[in-house]
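Numbering of the sequence shown is given in this note's numbering, commencing with residue 6 and proceeding in unit increments.
All C-beta atoms in this analysis are idealised placements derived from N, C-alpha and C, irrespective of residue type, glycine included.
To start, the structure itself, in structure tokens.
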Amino acid sequence: MVKPLAPEQLRKRVDPGEFPFETTAELPPRRRPLGQDRAVRALEFGLEVESPGYNIFVLGPPGAGKKTTALALVEEVARSRPAPGDWVYVYNFADEERPRAIELPAGMGEAFRADMERLVQTLRTEIPKALAGEGYEREKSAILKRAQDRKAQAFRELESLANERGFLVQRSAEGLALVYTHEGSPVSQEDFENLPEDEKQAVREARGVLQAKLRETIERVKAIDREAKTEVEALEKRVALAAVGHEIEALVQKYQSHPGVVEHLKAVEADVVENLDEFRSGAPEPQGLPFPFRMPGVEARVRRYQVNVLVNNRDLEHAPVVYESNPTYHNLVGRIEHYVQLGAFVTDFTLIKPGAFHRANGGYLVLDVRDVLLNPFAYDALKRVLKDQQIRMEEIGEQFRLISTTTLKPEPIPARLKVVLLGTPWLYYLLQRYDEDFLKLFKVKGEFSEDMELNEDNRMAYAFLVASHAAEEGLLPFHRDAVARVVEHGLRLAEHQSRMATHYLEITDLVREANHWARKDGADTVRAEHVAQAIREKVYRSNYLEEWIGRLIAEGTLIVETEGTAVGQVNGLSVYDLGDYSFGKPSRVTAKIFLGKEGLVNIERESELGGRIHNKGVLILQGFFGSRYARRFPISFAASLCFEQSYGGIEGDSASSAELFALISALAEIPLRQDLAVTGSVSQQGQIQAVGGINEKIEGFYRTCKVKGLTGTQGVIIPKANVPHLMLDPEVVEAVDAGRFHIYPIENVDQGMELLTGLPAGELTAYGTYPEGTVNGKVMRKLERLAALWRRIHNGEET
Numbered sequence: 006m007v008k009p010l011a012p013e014q015l016r017k018r019v020d021p022g023e024f025p026f027e028t029t030a031e032l033p034p035r036r037r038p039l040g041q042d043r044a045v046r047a048l049e050f051g052l053e054v055e056s057p058g059y060n061i062f063v064l065g066p067p068g069a070g071k072k073t074t075a076l077a078l079v080e081e082v083a084r085s086r087p088a089p090g091d092w093v094y095v096y097n098f099a100d101e102e103r104p105r106a107i108e109l110p111a112g113m114g115e116a117f118r119a120d121m122e123r124l125v126q127t128l129r130t131e132i133p134k135a136l137a138g139e140g141y142e143r144e145k146s147a148i149l150k151r152a153q154d155r156k157a158q159a160f161r162e163l164e165s166l167a168n169e170r171g172f173l174v175q176r177s178a179e180g181l182a183l184v185y186t187h188e189g190s191p192v193s194q195e196d197f198e199n200l201p202e203d204e205k206q207a208v209r210e211a212r213g214v215l216q217a218k219l220r221e222t223i224e225r226v227k228a229i230d231r232e233a234k235t236e237v238e239a240l241e242k243r244v245a246l247a248a249v250g251h252e253i254e255a256l257v258q259k260y261q262s263h264p265g266v267v268e269h270l271k272a273v274e275a276d277v278v279e280n281l282d283e284f285r286s287g288a289p290e291p292q293g294l295p296f297p298f299r300m301p302g303v304e305a306r307v308r309r310y311q312v313n314v315l316v317n318n319r320d321l322e323h324a325p326v327v328y329e330s331n332p333t334y335h336n337l338v339g340r341i342e343h344y345v346q347l348g349a350f351v352t353d354f355t356l357i358k359p360g361a362f363h364r365a366n367g368g369y370l371v372l373d374v375r376d377v378l379l380n381p382f383a384y385d386a387l388k389r390v391l392k393d394q395q396i397r398m399e400e401i402g403e404q405f406r407l408i409s410t411t412t413l414k415p416e417p418i419p420a421r422l423k424v425v426l427l428g429t430p431w432l433y434y435l436l437q438r439y440d441e442d443f444l445k446l447f448k449v450k451g452e453f454s455e456d457m458e459l460n461e462d463n464r465m466a467y468a469f470l471v472a473s474h475a476a477e478e479g480l481l482p483f484h485r486d487a488v489a490r491v492v493e494h495g496l497r498l499a500e501h502q503s504r505m506a507t508h509y510l511e512i513t514d515l516v517r518e519a520n521h522w523a524r525k526d527g528a529d530t531v532r533a534e535h536v537a538q539a540i541r542e543k544v545y546r547s548n549y550l551e552e553w554i555g556r557l558i559a560e561g562t563l564i565v566e567t568e569g570t571a572v573g574q575v576n577g578l579s580v581y582d583l584g585d586y587s588f589g590k591p592s593r594v595t596a597k598i599f600l601g602k603e604g605l606v607n608i609e610r611e612s613e614l615g616g617r618i619h620n621k622g623v624l625i626l627q628g629f630f631g632s633r634y635a636r637r638f639p640i641s642f643a644a645s646l647c648f649e650q651s652y653g654g655i656e657g658d659s660a661s662s663a664e665l666f667a668l669i670s671a672l673a674e675i676p677l678r679q680d681l682a683v684t685g686s687v688s689q690q691g692q693i694q695a696v697g698g699i700n701e702k703i704e705g706f707y708r709t710c711k712v713k714g715l716t717g718t719q720g721v722i723i724p725k726a727n728v729p730h731l732m733l734d735p736e737v738v739e740a741v742d743a744g745r746f747h748i749y750p751i752e753n754v755d756q757g758m759e760l761l762t763g764l765p766a767g768e769l770t771a772y773g774t775y776p777e778g779t780v781n782g783k784v785m786r787k788l789e790r791l792a793a794l795w796r797r798i799h800n801g802e803e804t
């Protein structure tokens, strides 16, 4: 007969004396990942490899501390890497729609912007001053006077030649005209027609010569004007360069080791001398109109000489580590902002704003993959940056407009960074399966485990976590007995007596809540009873449904028998998972046998309440019956299985042993003890296999027995393979120690039937039969009678 488990087998006790401190105040606030050696090694490897594509995907269950661990390791590696340079955008004088990107050493971008602001201020003050100076006016007047003298000389030569030929040169609104004279007086057209023909011909020839001379003179005058204008422009440029050229040259010398800056300064110098009129005007921006309707003034004209410092790493001491909590498209790759002018949206290179890729360039970018996938276009942008190795800023609206509009297309910036994605295993394998680029871009997988071995190092990892958390948040120090209780809770979360959970969030929440109850108690140190109170209070906040179901059972609304015996009926155990809280409750499993060939009829499956795994467990029972009892004759019975008063879905195969016991009881007509509940899955060979939620199931039946009255004979039958998983509530352990409750571990169906019926199971004899008076013997006799009856009915012998 199977013996019940001893109390010490039901819960692993952690001895506070195993910790080499009195309180966590003695420990340094040092964070250590909770048993994540595999993930840590993967992260270290991925961070060290510089080749493209060796980005990292850290996967693990929620609350495992992925973000905290990843950021800590990334920041540690980043401290050994130099700070990257600055990136600035400047105006592109060759193509204003494509601003130029320039890389500078860290901190130099801001200095370059300040230098250009001072240069612009110099341009705005010195150029108008120089162009209004006496020297400039004197030289300009001399140039204009020389031009005037040359033009006057040209006109004199024209007039002299005209006078020699008998003509006058007259000026009118229409220009210059040649007038024929006789003895000094102009000749009218009528008088000209009365002249002799030979004289008129001579006049015409003279006029032709003079007309040619007139045209030549006009062209000469225009050339003189052009030469004067060119000389004035050259003078203006010379004067302007004399006023500000030394400033630009000083900047060229300062940034001579940066070709991009030198090239830009040369372009600025050329643009300044080509647009001196904009500085000469000196007109300020009008202030009489509201902002959206102001016309661009001098401020707008000199805007193209400004510098947009996109990334300023002046204060960085090492490579940047950026965690972007809202990875939208624009937050990743940056945006081009606009302002309203004359009712229209306009922009320029100074309105280019950086994204997370720019800030993390030269370092590390950490993202939550779920947030990336939830934001439209963000995942595509992430892949494009990693594939192209460039941060290209594009307006996503351009892809969807029916009419294209002019906008900026900034020069892309080389992407030199490592991306770390955080996510669940489900998302990792989903992307791996459906995105062909995923494994090319994220070659390193860092997988977080859900538990770790219970040993001295890992116990101390818990202690260091508690100490660090207490120090960071100003919590009370934890006594070593409180730390031991926290470790025990970690064993409970892992559902194993030798494995500790690595649920970082669960542990830190427990630390905070235990601190709360200790402060409320007026203690100066958190003790084990405060940790236990925090666990109880958290359960109380979440177990309303559990208590409600328990009340229905106590009232008899939900029928659960905890005393006596019944044929074809057994207490199965189920777990209700509410997400943040799970609990176990018993359910009546009943079986009915009747003559037929239908086999097992699963009522839950027929009503579409049974899940696939549950249905598989029921089908396994058919294999068990066939292999054990149908050796000499076919099985000729039908059976129905039902979870009584169950109106929701049922999933899992942990009730298959209870269903099997109910079927055997119904076949053999042997009553089963109702003071025992059963959990465990069954193999076709009759082995009882381990199940999940074992602690919740035991505690659920214990509480049911408690509300209905403990008799001292009640208990739970569990798979023997689940014994290492027991971390039961101390109240249950105390009840077992007092003999009020019992837990029986079994390895096979026969052991379970013996406990439930009080009869021997019976061993198969050499003749292929089972002994009389045994459970198996009764089942086989009943099946033989049913098979014989079915043959007679089939042969027409009985009706």
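Worksheet item: Is K358 helix, strand or coil by DSSP?
Response: strand
Exercise. How many Å lie between L294 and Y141 at the Cα?
Worked result: Because L294 sits at a pLDDT of 41, beneath the cut-off of 50, its placement in the model cannot be relied upon, and the following sentence gives the value as read from the coordinates. Looking at the two C-alpha atoms, the distance is approximately 36 Å.
* Asked: With respect to the beta strand (DSSP E) encompassing N380, which residues constitute its N-terminal and C-terminal limits?
  -> Counting along the chain, N380 falls outside any beta strand (DSSP E), and DSSP gives it neither H nor E.
How many angstroms separate the CA atom of T130 from the CA atom of F284?
Spanning the two alpha carbons is a distance of roughly 8 Å.
Alpha carbon of Y344 to alpha carbon of A537, nearest angstrom | Rounded to the nearest angstrom, the two C-alpha atoms are 60 Å apart.
| message | Please report the distance separating the alpha-carbon of Q292 from that of V125. | response | Per-residue confidence for Q292 stands at a pLDDT of 47, beneath the threshold of 50, marking its modelled position as unreliable; the derived number appears in the next sentence. Between Q292 and V125, the C-alpha separation is close to 21 Å.
For the alpha helix (DSSP H) that contains L854, what are its first and last residues? Because the chain is modelled from 6 through 804, residue 854 falls outside the range shown and cannot be assessed.
Rounded C-alpha distance that separates I341 from R46: 40 Å
Exercise for the section: Pull up the CB-CB distance for Q395 and A420, whole angstroms please, since I reckon it's below 8 Å. Expected result: 6 Å
Quick check on the burial criterion: 16 or more other C-beta atoms within 10 angstroms. Buried or exposed for M732? buried
Counting Cβ pairs, one atom from each stretch, are 3 or more of them under 8 Å apart for the segment 9-20 and the segment 425-445? no
Quickly, what does DSSP pair E27 with across the bridge? List them, please.
Looking at the DSSP assignment, E27 forms no beta bridge with any residue, so it has no partner.
Q. How many whole angstroms separate the CB atoms of T770 and V488, which I take to be in contact at a CB cut-off of 8 Å?
A. Contact flag wrong, Cβ pair sits at about 58 Å.
Review point. With a cut-off of 8 Å, do at least 3 Cβ pairs link the segment 160-176 to the segment 245-260?
Key: no
Let me see if you follow: with CB-CB separation under 9 Å, is V784 close to chain D or not?
Considering every chain present, this structure includes no chain D. It has just one protein chain.
Under a three-way DSSP split, which group does Y675 fall into? Checking the sequence shown, residue 675 turns out to be Ile, not Tyr. In the structure shown, I675 sits in coil (DSSP, three-state: anything other than H, G, I, E or B).
Query raised in the report: What residues are listed by DSSP as bridge partners for Q206?
Result: Assignment of beta-bridge partners to Q206 by DSSP yields no partner.
query = Can at least three beta-carbon pairs, one atom from the segment 106-120 and one from the segment 77-91, be found at a separation below 8 Å?
reply = yes
Less than 9 Å between the C-beta atoms of L32 and F469, yes or no? yes
Here's a check: name, in chain order, each residue in its chain whose Cβ is nearer than 8 Å to the Cβ of K72, leaving out the five neighbours to either side. Y328, V371, D373 and L427, listed in sequence order.
Q | For I564, the nearest candidate out of E232, A69, S659 and K590 (CA to CA) | A | K590
| query | Got a sec? Which residues, its chain only, sit under 6 Å from A152 by beta carbon, not counting five neighbours each side? | reply | I229 and A233
Does the distance from the C-beta atom of G692 to that of N753 stay below 9 Å?
The question names Gly, yet the displayed sequence has Gln at residue 692. It is a contact, given that the beta carbons lie within the stated cut-off.
Exercise for the section: Would you mind sorting P359 into buried or exposed? The rule is 16 or more other CB atoms within 10 Å of its CB. Expected result: buried
Evaluate R464 with the Cβ neighbour count: other Cβ atoms within 10 Å of its Cβ, from every protein chain shown; 16 or more gives buried, anything less gives exposed. The residue in question, R464, is buried, as its Cβ has 16 or more Cβ neighbours within 10 Å.
Exercise. Measure the C-alpha to C-alpha separation of F362 and L422 and round it to an integer number of angstroms.
Key: 8 Å
| task | Look at the Cβ atom of K156, then the Cβ atom of V214, and state whether they are nearer than 9 Å. | result | No, these two residues do not count as a Cβ contact at 9 Å.
Would R532 be called buried (16 or more neighbouring beta carbons within 10 Å of its own) or exposed?
buried
Which class does S592 belong to by DSSP, given the choice of helix, strand or coil? strand
Indicate the three-state DSSP secondary structure (helix, strand or coil) for L470 in the structure shown. Collapsing the DSSP output to three states places L470 in a helix.
(message) Which residue wins for smallest C-alpha separation from K259, given the options N331, L315, L356 and D120?
(response) D120
inquiry  = Nearest by alpha-carbon distance to L715: which of N700, A743 and V728 is it?
reply    = A743
Identity of the residue in E458, A472 and R43 nearest G495 by Cα: Here the closest residue by C-alpha is E458.
task: Check whether the Cβ atoms of V784 and A673 sit closer than 9 Å, and answer yes or no.
output: yes
Identify every residue that forms a DSSP beta bridge with A523. Note: A523 is not bridge-paired with any residue in the DSSP secondary-structure output.
- prompt: Among residues of its own chain, excluding the 5 on either side of G40, which ones have a beta-carbon nearer than 8 Å to its beta-carbon?
  reply: Counting only Cβ-Cβ distances below 8 Å, and skipping sequence neighbours, we find S454, D456, M457, E458, N463, A466, M505 and T507.
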